[in-house]
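S.K.: Have a look at this one.
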Amino acid sequence: MTPTTMRAGVLDENLTVRIAELEVPTQGRGELLVRTRACGICSGDVMGWYMRRKAPLVFGHEPAGEVAAVGPDVEGFRPGDRVFVHHHAPCFACDLCARGEFVQCEEWRVGRLVPGGMAEYFVVPSANVRGDTLHLPDSVSFTDASLIEPLACTVKSLRRAGLRGGERVVVIGLGIMGQLHVVLARHAGARQIIGLDRVPFRLARARALGADAVIHVDERDPIETVHALTAGARADVVIVGPGSIEAMELGLALAGRGASVVLFTASRPEERLSVQPYDLYFREIRLVPSYSCGPNDTRDALDLITRRVVTAAQVVTHEFPLAEIAQAYRTAADAGAALKTVVTFP
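All residue numbers for the sequence shown refer to the working numbering, where the first residue is 1017 and numbers rise by one.
Structure below.
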């Protein structure tokens, strides 16, 4: 029997997390009520300037769980089903959706889980039920399933980069998303993968997951080192993980002829990136943003996890129960301590 109240992790304006007791939301027509079993803490969740604009809120958008109740007119789901739920879903009917630009769809941008993924229960809107709620195979654990959304963002990033196999790939920033880029680039058949970071354990993990070389950017000049490692060719694909202008400028400097430079994280809205159009033009450098992921990407991500190409064991460094959500958040924010932090629910 579903309780009437529940616990949830609330992020305040000062970026502290507390447990609040809330009413369990009620599913409406076409909606699901899901009992959360695991929810990852996204790197965006600990990005101060980004989250302060939204706080206070029940954060978390990487949940996996079990269907607790179904609303009228729901098809294909029943109580007890194990599911991944994407916090956004497109309409599939507009011109943008027809072009596959799902994250630009107006409906995609307004949808959200109620009250959020870091709660014992949440309601899935009807659009998300129809468009991006996926059944989980029994072989996929809830912790593994909490990686579907971030992995889907990586799938999209490498697709937009045009990665087909045989490329030289440079990944700037080896947090969770950088590590997933390393794993998928290796799986896709990249010729050479070079990872850049300043945290020793991240550099070591990238080597273990398939990077051919890693560069501690405080100890070696990344431009000179990449030039030497690639025999002067530089990179065919550069993934710029951090949202800093410095990292974006470095990404452009590491790009070889005909390369794609992917901007994977947003900068602050007021910041500006200076580029030299002459250089971009004659070297035909593609500057490619990659924001979030669509339903095609989540399905590909689930397939990769089901086939054990990506597992929680590779990248999840910390798991905390909901009762320790504040410590989980602090750990996730510590770049020197954690790659991926997941909160589990009893």
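We treat Cβ as the ideally placed atom computed from N, Cα and C, and that holds for glycine.
1) Is there at least one non-hydrogen atom of the ligand MN closer than 7 Å to the beta-carbon of Arg1324?
2) Around the Cβ of Gly1132, are there at least 16 other Cβ atoms within 10 angstroms (buried) or fewer (exposed)?
3) For Ser1059, write down the residues that DSSP places opposite it in a beta bridge.
4) By how many angstroms is the C-alpha of Ser1059 removed from the C-alpha of His1232?
5) What does the Cβ neighbour count give for Asp1350, buried or exposed, with the cut at 16 atoms within 10 Å?
6) Strictly by DSSP, which residues pair up with Tyr1137?
7) Is the separation between the beta-carbon of Ala1161 and that of Phe1093 shorter than 8 Å?
8) What residues in its chain sit with their C-beta under 6 Å from that of Arg1218, if we drop five residues either side in the sequence?
9) Using DSSP bridges, identify the partner residues of Gly1081.
10) From Val1242 to Asp1234, what does the alpha carbon distance come to, in whole angstroms?
11) Just the C-alpha distance for Ser1260 and Leu1270, rounded to the nearest angstrom, thanks.
12) Alpha carbons only, please: which of Thr1170, Ala1105, Gly1181 is nearest the one belonging to Phe1280?
13) Counting C-beta neighbours from all protein chains within 10 Å, is the total for Arg1053 16 or more, i.e. buried, or is it exposed?
14) If I'm right that Ala1168 touches Ala1317 with Cβ under 8 Å, what's the distance once you round it to whole angstroms?
15) Less than 7 Å between C-beta atoms, sequence neighbours within five positions excluded: which residues of the same chain meet that for Val1140?
16) I'd like to know whether the C-beta atoms of Tyr1185 and Ala1201 end up nearer to each other than 8 Å.
17) May I ask which residues mark the beginning and end of the beta strand (DSSP E) holding Ser1173?
18) Just tell me which of Asp1313, Met1264, Met1134, Arg1288 has its CA closest to the CA of Leu1038.
19) How do the region 1024-1038 and the region 1333-1344 stand: do at least 3 beta-carbon pairs fall below 8 Å, yes or no?
20) Bridge partners of Gly1025, per DSSP?
21) Give the straight-line distance between the Cα atoms of Ala1071 and His1077, rounded to the nearest whole angstrom.
22) Could you give the first and the last residue of the continuous alpha helix (DSSP H) run that contains Glu1265?
23) Taking C-beta to C-beta, are Gly1211 and Ala1222 nearer than 8 Å?
M.R.: According to the structure shown:
1) The ligand MN is not part of the structure shown, which contains no ligands of any sort.
2) Position 116 of the sequence shown, counted from the first residue, corresponds to residue 1132. Gly1132 should be labelled buried.
3) The residue labelled residue 1059 in the question sits at position 43 within the sequence shown. DSSP, once it has assigned bridges, lists no residue as partnering Ser1059.
4) As a first step, residue 1232 is located in the sequence shown; it is residue number 216 there, counting from the start. As a first step, residue 1059 is located in the sequence shown; it is residue number 43 there, counting from the start. Distance between the alpha carbons of His1232 and Ser1059 is about 21 Å.
5) Locating residue 1350 in the sequence shown gives position 334, counting from the first residue. The residue in question, Asp1350, is exposed, as its Cβ has fewer than 16 Cβ neighbours within 10 Å.
6) The residue labelled residue 1137 in the question sits at position 121 within the sequence shown. According to DSSP, which records beta bridges pairwise, Tyr1137 is partnered with Arg1051.
7) Your numbering for residue 1161 matches position 145 in the sequence shown. Your numbering for residue 1093 matches position 77 in the sequence shown. No, Cβ-Cβ distance for Ala1161 and Phe1093 is not below 8 Å.
8) Here residue 1218 is taken as the residue at index 202 of the sequence shown, counted from 1. For Arg1218, where only same-chain residues beyond five positions count, the Cβ hits under 6 Å are Leu1190.
9) The residue given as residue 1081 occupies position 65 in the sequence shown. DSSP output for Gly1081 lists Thr1052, Val1099 as bridge partner(s).
10) In the sequence shown, the residue the question calls residue 1242 occupies position 226. In the sequence shown, the residue the question calls residue 1234 occupies position 218. Distance between the alpha carbons of Val1242 and Asp1234 is about 14 Å.
11) Working through the sequence shown from its first residue, we reach residue 1260 at position 244. Working through the sequence shown from its first residue, we reach residue 1270 at position 254. Each residue's alpha carbon lies about 16 Å from the other.
12) If you number the sequence shown from 1, residue 1280 lands on position 264. In terms of Cα proximity to Phe1280, the closest of Thr1170, Ala1105, Gly1181 is Thr1170.
13) Position 37 of the sequence shown, counted from the start, is the residue given in the question as residue 1053. Arg1053 should be labelled buried.
14) Start at 1 with the first residue of the sequence shown, and residue 1168 comes out as number 152. Start at 1 with the first residue of the sequence shown, and residue 1317 comes out as number 301. About 4 Å; that satisfies the 8 Å criterion.
15) On the sequence shown, position 124 is the one that residue 1140 refers to. Closer than 7 Å at the Cβ level, and outside the excluded window around Val1140, lie Glu1047, Leu1048, Val1050, Val1101, Leu1129, Thr1149.
16) What you label residue 1185 is simply residue 169 of the sequence shown in a count that begins at 1. What you label residue 1201 is simply residue 185 of the sequence shown in a count that begins at 1. Checking the sequence, you will find Val at residue 1185 rather than Tyr. For Val1185 and Ala1201, yes; Cβs fall inside 8 Å.
17) Counting from 1 along the sequence shown, the entry for residue 1173 is found at position 157. That residue, Ser1173, is in no beta strand (DSSP E); its alpha helix (DSSP H) goes 1164-1177.
18) To locate residue 1038, count along the sequence shown from 1; it is residue 22. Comparing alpha-carbon positions, the option among Asp1313, Met1264, Met1134, Arg1288 lying closest to Leu1038 turns out to be Met1134.
19) By the Cβ criterion, the region 1024-1038 is in contact with the region 1333-1344, since at least three pairs of Cβ atoms, one from each stretch, lie closer than 8 Å.
20) In the sequence shown, counting from the first residue as 1, residue 1025 sits at position 9. According to the DSSP secondary-structure assignment, Gly1025 is paired through a beta bridge with Ile1035.
21) The residue given as residue 1071 occupies position 55 in the sequence shown. The residue given as residue 1077 occupies position 61 in the sequence shown. Taken atom to atom, the span from the alpha-carbon of Ala1071 to that of His1077 is near 14 Å.
22) Counting from one through the sequence shown, the residue named residue 1265 turns up at place 249. First-last of the alpha helix (DSSP H) with Glu1265: 1261-1269.
23) Counting from 1 along the sequence shown, the entry for residue 1211 is found at position 195. Counting from 1 along the sequence shown, the entry for residue 1222 is found at position 206. Yes, these two residues count as a Cβ contact at 8 Å.
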